[in-house]
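These notes are about the structure you will find just below.
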Amino acid sequence: MISENHKNYILLRDEQDDIKDFAQFLPYIFDQFKGKNVIVDLLQYNAAILNDLLLFLELSNAHRATKQSFVMVNAALSIDDIPEELMVVPTLQEAQDVIDMEEIERDLGF
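Sequential numbering from 961 applies to the sequence shown in our numbering.
What follows is the structure, encoded as structure tokens:
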């Protein structure tokens, strides 16, 4: 896994080519990202299906419950096919925008 620290988030990217292994690996190391916004870059998985993204649902819910953003980046599926519980956007720029907006909402008490 590759991790990159940015101003207000950490970007995580898989070095392998197995989305299921990546989804299973993240919960084991995720304590090191507590208190930080996270973007999970899944752009390399251009043939991902909904079940692949749902592998991240439990981790996403747990992280978002701590009042931090958890955004996945993948363009394989239409936004209409993704449940509202998952935050999935098609580009890294949109993921950064989501984090910025969620930070503002938290600052305003939403």
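Glycine included, C-beta positions come from ideal geometry on N, C-alpha and C.
All values reported here derive from a predicted model rather than from experimental measurement.
Give me whichever residues DSSP pairs with VAL1048 in a beta bridge.
In the sequence shown, the residue the question calls residue 1048 occupies position 88. The secondary-structure analysis by DSSP pairs VAL1048 across a beta bridge with MET1032.
From the DSSP secondary-structure annotation, give me the bridge partner or partners of ILE999.
The count along the sequence shown starts at 1 and reaches residue 999 at position 39. LEU971, VAL1031.
Identify whether GLU965 lies in helix, strand or coil by the three-state DSSP scheme.
Taking the sequence shown and counting its residues from 1, the one referred to as residue 965 is at position 5. As written in the sequence, residue 965 is Asn, which differs from the Glu given in the question. Strand, per DSSP.
Pick from VAL1033, GLN984, TYR988, ALA1025 that is closest to ARG1066, judged by C-alpha positions
Counting from 1 along the sequence shown, the entry for residue 1066 is found at position 106. Ranking the options by Cα distance to ARG1066, first place goes to ALA1025.
Given this structure, state the Cα-to-Cα distance separating GLU1062 from ILE962, to the nearest angstrom.
Walking along the sequence shown from the start, residue 1062 turns up at place 102. Walking along the sequence shown from the start, residue 962 turns up at place 2. Spanning the two alpha carbons is a distance of roughly 24 Å.
Tell me the rounded alpha-carbon separation between SER1029 and LEU1010.
Here residue 1029 is taken as the residue at index 69 of the sequence shown, counted from 1. Here residue 1010 is taken as the residue at index 50 of the sequence shown, counted from 1. In a straight line, the C-alpha of SER1029 is about 20 Å away from that of LEU1010.
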